[in-house]
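Numbering of the sequence shown is given in the numbering used here, commencing with residue 165 and proceeding in unit increments. All residues carry an ideal CB built from backbone N, CA and C; glycine is no exception. Working notes for the structure below.
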Amino acid sequence: VDTWDRDWIERNYEKEITEWVRDYIGERDLYETFLDNLKEYEHRFVAIKDTTLKAVQNLCARGINIDAFYVDADHEYDSVKEDLNIIKKLYPSSIICGDDLDFEGVGKAVNEFAEEHSQKIYSIEGSGWLLEDRWPLRYC
165 VDTWDRDWIE RNYEKEITEW VRDYIGERDL YETFLDNLKE YEHRFVAIKD TTLKAVQNLC
225 ARGINIDAFY VDADHEYDSV KEDLNIIKKL YPSSIICGDD LDFEGVGKAV NEFAEEHSQK
285 IYSIEGSGWL LEDRWPLRYC
């Protein structure tokens, strides 16, 4: 779930990063670029272009089971916390992971949520993260 909003990137990231995005993908649509980059794995995930809150509510209303959620939220504390809470409420046994833990709002919300739900945070290179209380996970 992501909005793939280029304008958001331009407003919230440093100039070097926005220039890198422009240099790397040009004017291509971010969503289409994402799908192209993961083409060989397309049978293993569903990309939803929306906010996490709306997507989770729509999935639940349709009775769709989700094993894991990758949260790439808007990075503000309140929004991230709301996303985590709605996932936990509607999909209590799903795995929750994401990125941008190094953003202040994301880090605060994820750390607070983990403490409230007695979960551990597994971090990858300081930015990627996974919440889990059943470690180690089993992989098929």
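When DSSP builds the beta bridges, which residues end up paired with residue i?
{"i": "G292", "result": "I288"}
{"i": "D166", "result": "K213"}
{"i": "I189", "result": "Looking at the DSSP assignment, I189 forms no beta bridge with any residue, so it has no partner."}
{"i": "G262", "result": "V235, W293"}
Just how far apart, CA to CA, sit residue i and residue j?
{"i": "L194", "j": "R186", "result": "10 Å"}
{"i": "S291", "j": "D169", "result": "20 Å"}
{"i": "I285", "j": "Y234", "result": "14 Å"}
{"i": "Y303", "j": "I230", "result": "Any reading at Y303 needs caution, since the residue's pLDDT is 48, under 50, leaving its predicted position unreliable; the model's value is listed next. Roughly 16 Å between the two C-alpha positions."}
{"i": "F295", "j": "A237", "result": "Note on identity: in this sequence residue 295 is Leu, with Phe being the wrong assignment. In a straight line, the C-alpha of L295 is about 15 Å away from that of A237."}
{"i": "D263", "j": "W293", "result": "6 Å"}
{"i": "K179", "j": "E280", "result": "36 Å"}
If residue i sits next to residue j, beta carbons under 8 Å apart, how far is it from one beta carbon to the other, in whole angstroms?
{"i": "S150", "j": "I251", "result": "In this structure the chain extends from 165 to 304, so residue 150 is not present and cannot be described."}
Following a CB-centred definition, is residue i positioned closer than 7 Å to any heavy atom of the ligand GTP?
{"i": "L202", "result": "Ligands are entirely absent from the displayed structure, and the ligand GTP is therefore not among its contents."}
Margin query: To test your reading of the DSSP string, which unbroken beta strand (DSSP E) runs of 3 or more residues are found completely within the stretch 194-250?
Written below: Listed in chain order, the beta strand (DSSP E) elements of length 3 or more contained wholly in the stretch 194-250 are 232-235.
Checklist line | Touch test, the stretch 264-284 against the stretch 233-247, Cβ-Cβ under 8 Å, three pairs minimum | finding: A contact between stretches requires three or more CB pairs, one per stretch, nearer than 8 Å, and the stretch 264-284 meets this requirement with the stretch 233-247.
Check: At a cut of 8 Å, does the stretch 202-209 reach the stretch 218-227 through at least three beta carbon pairs?
Finding: Verdict: no, contact absent.
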